[in-house]
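One structure is given here, and the rest of the page talks about it.
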Amino acid sequence: MAMKLVRLGLAVSAVMLVAACAMQPPLNQPAASAEASTPIKAAAVKDGKAHIYAFLGTFHNVFADMPMKTSANFTVNGITAGGVNRDDCLFIEVPPGTYSLAWQERAQGPMALSTQPTQFKLAADQNLFVAFDVRNNGLLAGFSSSLVDRSGDGVGAIRSMKVVLPDAVALTSLGGMAGGGGDVVNLACTSAPGVAWNVWIDPDKKVLMSETLAADGSKTYTTYPVQITDSTYSWDDRPDSVAMNVHRSIDRITGRMTVAGPNQTQPPTDCLKGAVPMPVPKL
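As structure tokens, this is what we get:
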């Protein structure tokens, strides 16, 4: 897939470069339990989400191929979901939708290799296996890297690997906005330091409830029709007034809320999945 040339091999051998990268301190991703790892390795998880398996692939040297040893970070929609060492497989669950995936060598600086973002549209219960490959193109052409779809042989490729999980913050950002199946989703949004407010979304009835904080600390609640797509929750505060309407949209992947409307200068707001129950009976 997409390849990006970022370093030359004029004076250093491929083996030396790979070995140098492998000497970096290991990444510390949380490991899946033995019980959870069994269905993950068998690609047998059926929970309505899409499943991404990310692992190191092959170093294609001039004379022979060998397993990749370079620790690398893996990004989803620009968010670093976590990293892998040799013999790690990073398992990520996300809501069905379209995602931009990329690799970045953990080593930083001008010699670090990375891949261009590649988009995948993932369905419920789909398993996508992606590897990080590096190729030695010869002394003059240097080294290049690629994100390779290994879904055809992925189960066999990860059979002996350790299953690791995304960083906790990334997991909340990537998978915490999904909702569905009749569950009311609570999002805790921060509009200013120390100022937080809640919204609740009923995905079945397409209704959103927003919490408003008054200066005296009291709270009021307003409901709106909400538009739900694979990537956003969006609604209009004043759909009856063109002059006063404010359109709000929450990115279901990043949790970032943006506001558009006449004379609007409100900066983006960050939202995370919360656990506050809806304060009135379910709508």
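So this note's numbering is basically just the index in the sequence shown, starting at one, shifted up by 35. Ideal placement from N, C-alpha and C gives every residue a C-beta, glycine not left out.
Sequence-distant residues of the same chain with beta carbon closer than 8 Å to residue 266, five excluded per side: 132, 133, 286, 287 and 288
Boundaries of the alpha helix (DSSP H) in which residue 189 is found, first to last residue: 189-192
Buried or exposed (CB count within 10 angstroms, at least 16 for buried), residue 98: exposed
Local Cβ density within 10 Å of residue 123, reported as buried at 16 or more and exposed below that: buried
Beta strand (DSSP E) runs contained entirely in the region 237-270, provided each spans 3 or more residues: 242-248 and 254-260
Inter-stretch contact (C-beta, 8 Å, three-pair minimum) for the region 67-82 and the region 113-122: no
Residue of 182, 121 and 86 minimising C-alpha distance to residue 158: 86
Per-residue burial, residue 185 [other beta carbons within 10 Å of its own, 16 or more giving buried]: buried
Beta-carbon proximity list for residue 72, same chain, < 6 Å, skipping 5 on both sides: 198
For residue 114, the residue or residues it bridges with in DSSP: 111
Straight-line Cα distance separating residue 292 from residue 305: 6 Å
Distance CB(residue 129)-CB(residue 91) smaller than 8 Å: no
Residue 154 CB to nearest heavy atom of the ligand HEM below 7 Å: As far as ligands go, the structure on display features none, and thus does not contain the ligand HEM.
Proximity to residue 219 [Cα-Cα], best of 240, 225 and 252: 240
Beta-carbon proximity list for residue 213, same chain, < 6 Å, skipping 5 on both sides: Residue placement at residue 213 is poorly supported in this model, since its pLDDT is 36, which falls under 50; the coordinates still yield a value, given next. 130.
Helix, strand or coil at residue 389 [DSSP, three-state]: Past the boundaries of the shown model lies residue 389; the chain is included only from 36 to 318, so the question cannot be answered.
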